[in-house]
Amino acid sequence: KQEVTQIPAALSVPEGENLVLNCSFTDSAIYNLQWFRQDPGKGLTSLLLIQSSQREQTSGRLNASLDKSSGRSTLYIAASQPGDSATYLCAVEGRQGNLIFGKGTKLSVKP
Amino acid sequence: NAGVTQTPKFQVLKTGQSMTLQCAQDMNHNSMYWYRQDPGMGLRLIYYSASEGTTDKGEVPNGYNVSRLNKREFSLRLESAAPSQTSVYFCASTRGATADTQYFGPGTRLTVL
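Chains as they are written, first to last, in the working numbering: chain R, 9 to 119; chain Y, 80 to 192.
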C-alpha cells in the first residue's frame with residue numbers, strides 16, 4: 009500500500025529565507041506527483057505537477073523535484089514571503105487516478 | 080469558469096439523519112472524486128467516478144453512497160450520519176483518469192452531533 013510522508017510537519021522561518029519541504033513515498037510505481045497549497049478553511053490549490061518521466065518542474069519561486077527511484081520529492085521555495093504561509097500537501101497518483109496524500113507541512117513565514 | 084463548486088459550505092446533523100453533498104464542475108472533466116480530510120489523517124478517498132456512468136469505492140467508503148448524475152455533477156450521500164463522519168469533505172475533478180492536475184472545490188464542513 010502506497011504511503012506518503014512529509015517532513016517536517018511544521019516549519020517557521022523568517023521572511024526572505026529559501027526553504028525545502030520534503031515528501032517521500034513507499035511505492036515508486038506512480039503516474040505523477042503533485043504539490044498543493046491549502047490555506048486555513050479553504051480548498052486545495054495545485055502548485056506543481058511532475059509527471060513520472062520528469063525530474064523537476066518550476067513555477068515562479070517554486071521548484072519541485074522528483075526522484076522516483078529513491079521515492080522522494082522536494083519543494084523548494086525561494087525568497088519566502090509572509091503570503092507563502094499555508095499548509096503544503098504532497099500527493100502521488102494511484103492506479104485509479106486518485107491521489108494519495110501526505111499529512112502536510114504547515115509553513116509559517118514571519119515578517 | 081466557476082471550477083468546482085460544492086454545496087452546502089457548512090452543515091450540522093444529528094446522529095441518524097441523512098443528507099446529500101452536492102458537487103459540480105464546469106470544466107468538462109471526465110473524472111470526479113470525493114475525499115474527506117480529518118486532523119492527523121490527511122485527505123482520504125471515499126469514492127470516485129472515472130467517467131460518467133461509473134463509480135468505484137476508494138479507501139474509506141463505508142457509510143457513504145455516490146451518484147454520478149451526469150458529466151458535471153457527482154453527489155455524496157450519508158444515509159444515516161454518525162459522529163465519526165464529522166469531517167471536511169472535498170470534491171475534485173480532473174480531465175482524464177490519470178496524469179492530470181486535480182482541481183478541488185472549497186469543501187463542506189460537516190458536524191454530526
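From the three backbone atoms N, C-alpha and C, an ideal C-beta is built for every residue, glycine too.
Could you check which residue in the options has the C-alpha nearest to that of residue i?
{"i": "Y/L189", "options": "Y/K88, Y/Q181, Y/N80", "result": "Y/K88"}
{"i": "Y/G82", "options": "Y/M111, Y/T99, Y/Q90", "result": "Y/M111"}
{"i": "Y/V139", "options": "R/E64, R/I108, R/D75", "result": "R/I108"}
{"i": "R/Y84", "options": "R/Q10, R/A37, R/T113, R/P48", "result": "R/T113"}
{"i": "R/A95", "options": "R/G24, R/G68, R/K76, R/G110", "result": "The residue asked about is misnamed: residue 95 of chain R is Thr in this sequence, not Ala. The shortest C-alpha separation from R/T95 is found at R/G110."}
{"i": "R/N106", "options": "Y/A129, Y/G95, Y/A160", "result": "Y/A129"}
{"i": "Y/S97", "options": "Y/P162, Y/W113, Y/M120, Y/G184", "result": "Y/P162"}
{"i": "R/E23", "options": "R/C98, R/L97, R/G91", "result": "R/G91"}
{"i": "R/D35", "options": "R/Q10, R/R80, R/K50", "result": "R/Q10"}
{"i": "R/S54", "options": "R/A86, R/R69, R/Q42", "result": "R/Q42"}
{"i": "R/F33", "options": "R/G49, R/Q62, R/Q14", "result": "R/Q14"}
Establish whether the CB of residue i and some CB of chain A are separated by less than 7 Å.
{"i": "Y/T180", "result": "Of the protein chains in the structure, R and Y, none is chain A."}
Give me, in chain order, the residues of the same chain whose beta-carbon lies closer than 6 Å to that of residue i; leave out the 5 immediate sequence neighbours on both sides.
{"i": "Y/Q101", "result": "T86, S154"}
{"i": "Y/K150", "result": "E131"}
{"i": "Y/V145", "result": "Y126, T134, L155"}
{"i": "Y/V91", "result": "T190"}
{"i": "Y/L122", "result": "Y114, Q116"}
{"i": "Y/T99", "result": "S154, R156"}
{"i": "Y/S159", "result": "G95"}
{"i": "Y/E152", "result": "A103"}
With 16 other CB atoms within 10 Å as the buried threshold, where does residue i fall?
{"i": "Y/R147", "result": "buried"}
{"i": "R/A2", "result": "With chain R covering only 9 through 119, there is no way to say anything about residue 2 of chain R."}
{"i": "R/N117", "result": "According to the sequence as given, residue 117 of chain R is Val; it is not Asn. By the 10 Å Cβ count, R/V117 comes out buried."}
{"i": "R/E101", "result": "buried"}
{"i": "R/T66", "result": "exposed"}
{"i": "Y/R156", "result": "exposed"}
{"i": "Y/L192", "result": "exposed"}
{"i": "Y/D179", "result": "buried"}
{"i": "R/N40", "result": "buried"}
{"i": "R/K76", "result": "buried"}
{"i": "R/I38", "result": "buried"}
{"i": "Y/S166", "result": "buried"}
{"i": "R/G79", "result": "buried"}
{"i": "R/A99", "result": "buried"}
{"i": "Y/G184", "result": "buried"}
{"i": "Y/G119", "result": "exposed"}
{"i": "Y/G175", "result": "exposed"}
Pull the bridge partners of residue i from the DSSP assignment, please.
{"i": "Y/E152", "result": "Y/A103"}
{"i": "R/L55", "result": "Its beta-bridge partners do not exist; DSSP assigns none."}
{"i": "R/D75", "result": "R/R80"}
{"i": "R/E64", "result": "R/S73"}
{"i": "R/A18", "result": "R/K114"}
{"i": "Y/L192", "result": "DSSP output for Y/L192 lists no bridge partner at all."}
{"i": "Y/D117", "result": "Y/G121"}
{"i": "R/E101", "result": "R/L107"}
{"i": "Y/K136", "result": "Y/Y126"}
Which residues in the same chain have their Cβ closer than 8 Å to the Cβ of residue i, if we skip the five residues on either side of it in sequence?
{"i": "R/T6", "result": "Any question about residue 6 of chain R goes unanswered here, given that chain R covers just 9 to 119."}
{"i": "R/L21", "result": "It should be pointed out that residue 21 of chain R corresponds to Val in this sequence rather than to Leu. Same-chain partners within the cutoff: L27, S88, L115, S116, V117, K118."}
{"i": "Y/Y182", "result": "G82, V83, Q104, M106, H108, A171, S172, T173"}
{"i": "Y/N80", "result": "D105, M106"}
{"i": "R/E64", "result": "I58, N71, A72, S73, L74"}
{"i": "R/L19", "result": "L27, L29, T113, K114, L115, S116"}
Apart from the five residues on each side of it in sequence, which residues of its chain come closer than 7 Å, Cβ to Cβ, to residue i?
{"i": "Y/K136", "result": "Y126"}
{"i": "Y/K93", "result": "L192"}
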